[in-house]
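>
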Amino acid sequence: MRYFYFYLYIFVLSLFFSIHSTHQLQFSQTQVLLQLRKYLQYPTSLQVFQSYNDDLCTLTPSQHLSIKCEGNSVTELKIMGDYNNKHGKVSNFNGFAVPNQTLSKTFSIDSFVTTLTRLTSLRVLSLVSLGIWGPLPDKIHRLSLLQVLDLSSNFLFGSIPPKIATLMNLQILTLDRNYFNTTMPDFFEPLCNLSILSFKKNQLKGSFPFSLCKIKNLTDISLAHNELSGALPNLTALSRLHVLDLMENSFHSRLPLMPKSVVTVLLSKNSFAGEIPSQFGELSQLQNLDLSSNRLSGAPPSLLFSLTNISYLNLANNVLSGSIPEKLNCGSKLGFVDISSNMLSGLLPSCLESISDRRVVRFGGNCLSVNSQPQNQNQKHGSYCEESNSGKMKFWRWEIDAAIAIIVLVFLFLLAFGVFLYRKCHSTEIYRHEMLPKIVQDNNSTTGVSFELLVSARYISQKMNLGAQTTTTCRHFSIEELKEITRNFDLSAYIGEGSIGKVSFDYSKYL
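With mature numbering (1 follows the signal peptide of the UniProt record, and there is no 0) applied, the sequence shown corresponds to residues -24 to -1, 1 to 487, in that order.
(1) Any chance you could list the beta strand (DSSP E) runs of at least 3 consecutive residues sitting entirely within the region 119 to 201, in chain order?
(2) Is it a yes or a no for the region 194 to 202 touching the region 163 to 179, going by three-plus beta-carbon pairs under 8 Å?
(3) Give me the DSSP bridge partner(s) of residue 307.
(4) In three-state DSSP terms, what is residue 60?
(5) Please confirm whether residue 56 and residue 80 have their CB atoms less than 8 Å apart.
(6) Spell out a yes or no on whether the region 220 to 237 and the region 273 to 282 are touching, meaning 3 or more CB-CB pairs, one atom from each, closer than 8 Å.
(7) Between which two residues does the alpha helix (DSSP H) harbouring residue 85 extend?
(8) Please state whether DSSP places residue 282 in a helix, a strand or coil.
(9) Report yes or no: do the region 119 to 130 and the region 90 to 107 share at least 3 C-beta pairs separated by less than 8 Å?
(10) Relative to the C-alpha of residue 302, which candidate in 286, 308, 321 has its C-alpha closest?
(11) Am I right that residue 50 and residue 95 are in contact with their C-beta atoms under 8 Å? What's the rounded C-beta distance?
(12) What distance in whole Å lies between the Cβ atoms of residue 264 and residue 287, which are believed to be in contact at a cut-off of 8 Å?
(13) Note down the Cα distance separating residue 43 from residue 164, rounded to an integer number of angstroms.
(14) Considering only the beta carbon of each residue, do residue 319 and residue 346 sit closer than 8 Å?
(15) Taking 8 Å as the limit between beta carbons, can you name the residues of its chain near residue 260, skipping five residues before and five after?
(16) Is the region 152 to 166 touching the region 76 to 92 in the sense that three or more CB pairs, one from each, lie closer than 8 Å?
(17) Could you check the C-alpha separation between residue 323 and residue 251 for me, to the nearest Å?
(18) Is the distance from the Cβ of residue 307 to the Cβ of residue 281 below 8 Å?
(19) Is the beta carbon of residue 116 closer than 8 Å to that of residue 138?
(20) My output table needs one value for residue 257: the three-state DSSP class, helix, strand or coil.
(21) Counting C-beta neighbours from all protein chains within 10 Å, is the total for residue 248 16 or more, i.e. buried, or is it exposed?
(22) Cα separation between residue 75 and residue 343?
(23) Please list, in chain order, all residues of the same chain as residue 356 whose beta carbon is under 6 Å from its beta carbon, the five residues on each side excluded.
(24) So, helix, strand or coil for residue 114, using DSSP?
(25) Let me confirm a value: residue 54 is counted as buried when at least 16 other C-beta atoms fall within 10 Å, else exposed. Which label applies?
(26) Could you tell me the distance, in whole angstroms, from the CA atom of residue 2 to the CA atom of residue 38?
(27) Assuming residue 317 contacts residue 298 under a Cβ cut-off of 8 Å, what Cβ separation, rounded to an integer in Å, is found between them?
Below you can see the structure in the form of structure tokens.
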């Protein structure tokens, strides 16, 4: 019996030390959470900290707060405030505190993130609508185990830190409704596990990040309501992509090809031009397609209307022309169609004409013929669309002619400029050859330079020594003097040969 009490005593003692050490580990984590509450200036979602004396990891999760722990460490922290819900989007935000809109000017995002990184086991971090302001520090990458990072609806400003690309475990990156206002980063290729990328409602500029096309696990790309421009790449390599949301940007290319896995494509309010690719009619998983308010032309692919899963189709406010087949078969799930404000003509297909509670169809502002007059929806006269299409063709022809004329003029200008340069260079070369004396090596001269050049140099030297004297004295030699100078034309007096014949050297004393 005494052994029973002994073992019981050992068990209770070990349990006590185990609990004591556990609380010691949780105490450091608790202190970090309390410090974060202080940095966030005591939001209402964290008021529960004041009255809760137990382990914070045991708090019941709610919409505004969720804390999960594993191995005595915090692995998930979700806090939702109400800053954006109360005050909405701030116009002309410049990166500093705004009274009654953000956390006060005493808030330091650098200190806040430094404290946050002490929760080294964090895998899920969501801090939404908390009034956090300032540039997002690069040190956020110290949370190396992060799988989910959501900092939406705050006042983050400037650029997205490049070191986010070192978070190799990241699966979801959401920075919606902030004030990032620099060039869209293109460093996402290392994030091979990324499945959701969402930067909606910022002020990001530049082009679509092509590095995203190399992340095979991507399912959602949402970059709507920014200032992005340029062309979109071919997206067919993203075989798991379900959602592509690029609404309200300034993209101005032709529509790219889409992966067959895509479910929702939202490209409205851009400047996409050209025809809708026929490949869109082969997207069997497509449910929602919004291409409204662009500059798309040509006839819409008829297969779009009969896709098996299509439920929402918006092609309004483009310059689509031609007709839709009268015997069109609409998909059974198609519940909303908007083809209004285009240049479509011909007879409206019966499956689009029969409007019921099951299907909403908008087709006004075209030149369509409708059998039921009450459902005409303000169709324009057929000649309007014909004239518009004719005018558009004339405009395109004028643009082509203008482009050809410009190319021809540029070619002629370059040709004339080339001829001018050639003539100028050629005349300069001729002048240089005519004016400079020929340097012909003299095999009989010790200097290797022709006597003609030496004579010219001596003549110039004499002219410079004469100073103000402007004329040279010419001397005529008689036959007798020449015989004396050349020792009766002896070969020993001969030193070279110039362009005027053989020359003797020892004549200078007679000058």
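Glycine is no exception: its CB is placed at the ideal position from the N, C-alpha and C atoms.
Short version:
(1) Runs of the beta strand (DSSP E) inside the region 119 to 201: 124 to 126, 131 to 134, 148 to 150, 172 to 174, 196 to 198.
(2) yes
(3) Locating residue 307 in the sequence shown gives position 331, where the first residue counts as 1. For residue 307, which the question treats as bridged, DSSP gives no partner whatsoever.
(4) Walking along the sequence shown from the start, residue 60 turns up at place 84. Helix at residue 60.
(5) Within the sequence shown, residue 56 is the residue found at index 80, counting from 1. Within the sequence shown, residue 80 is the residue found at index 104, counting from 1. Taking 8 Å as the Cβ cut-off, residue 56 and residue 80 do not qualify as a contacting pair.
(6) no
(7) Working through the sequence shown from its first residue, we reach residue 85 at position 109. It spans 85 to 92 - the alpha helix (DSSP H) in which residue 85 sits, taken as one unbroken run.
(8) Taking the first residue of the sequence shown as 1, we reach residue 282 at position 306. Here DSSP, grouped into helix, strand and coil, assigns residue 282 to helix.
(9) yes
(10) Walking along the sequence shown from the start, residue 302 turns up at place 326. When each option's Cα is compared against that of residue 302, the closest is 321.
(11) The residue you call residue 50 lines up with position 74 of the sequence shown. The residue you call residue 95 lines up with position 119 of the sequence shown. Rounded, the Cβ-Cβ distance is 5 Å, consistent with contact.
(12) Against the sequence shown, residue 287 aligns to sequence position 311. Against the sequence shown, residue 264 aligns to sequence position 288. Contact holds; Cβ gap of about 7 Å.
(13) Here residue 43 corresponds to residue number 67 of the sequence shown, with the count starting at 1. Here residue 164 corresponds to residue number 188 of the sequence shown, with the count starting at 1. Looking at the two C-alpha atoms, the distance is approximately 29 Å.
(14) The residue labelled residue 319 in the question sits at position 343 within the sequence shown. The residue labelled residue 346 in the question sits at position 370 within the sequence shown. Cβ atoms of residue 319 and residue 346: not closer than 8 Å.
(15) For the purposes of this step, residue 260 is taken as residue 284 along the sequence shown, with counting starting at 1. For residue 260, where only same-chain residues beyond five positions count, the Cβ hits under 8 Å are 236, 283, 284, 285.
(16) no
(17) By 1-based counting over the sequence shown, the position of residue 323 is 347. By 1-based counting over the sequence shown, the position of residue 251 is 275. Distance between the alpha carbons of residue 323 and residue 251 is about 21 Å.
(18) Start at 1 with the first residue of the sequence shown, and residue 307 comes out as number 331. Start at 1 with the first residue of the sequence shown, and residue 281 comes out as number 305. Yes.
(19) Reading the sequence shown from its first residue, position 162 is the one you call residue 138. Reading the sequence shown from its first residue, position 140 is the one you call residue 116. No, Cβ-Cβ distance for residue 138 and residue 116 is not below 8 Å.
(20) Within the sequence shown, numbered from 1, the residue matching residue 257 stands at position 281. Residue 257 falls in the helix class under three-state DSSP.
(21) For the purposes of this step, residue 248 is taken as residue 272 along the sequence shown, with counting starting at 1. Label assigned to residue 248: buried.
(22) Taking the first residue of the sequence shown as 1, we reach residue 75 at position 99. Taking the first residue of the sequence shown as 1, we reach residue 343 at position 367. So the alpha carbons of these two residues sit roughly 54 Å apart.
(23) To locate residue 356, count along the sequence shown from 1; it is residue 380. The residues 343, in chain order, have a CB closer than 6 Å to that of residue 356 in the same chain once the five nearest residues on each side in sequence are set aside.
(24) Position 138 of the sequence shown holds residue 114. Here residue 114 sits in helix by DSSP.
(25) Start at 1 with the first residue of the sequence shown, and residue 54 comes out as number 78. So residue 54 counts as buried.
(26) Reading the sequence shown from its first residue, position 26 is the one you call residue 2. Reading the sequence shown from its first residue, position 62 is the one you call residue 38. So the two alpha carbons sit approximately 21 Å from each other.
(27) Translated into positions along the sequence shown, residue 317 becomes position 341. Translated into positions along the sequence shown, residue 298 becomes position 322. Between residue 298 and residue 317 the Cβ distance is about 16 Å, and since that is not below 8 Å, they are no contact.
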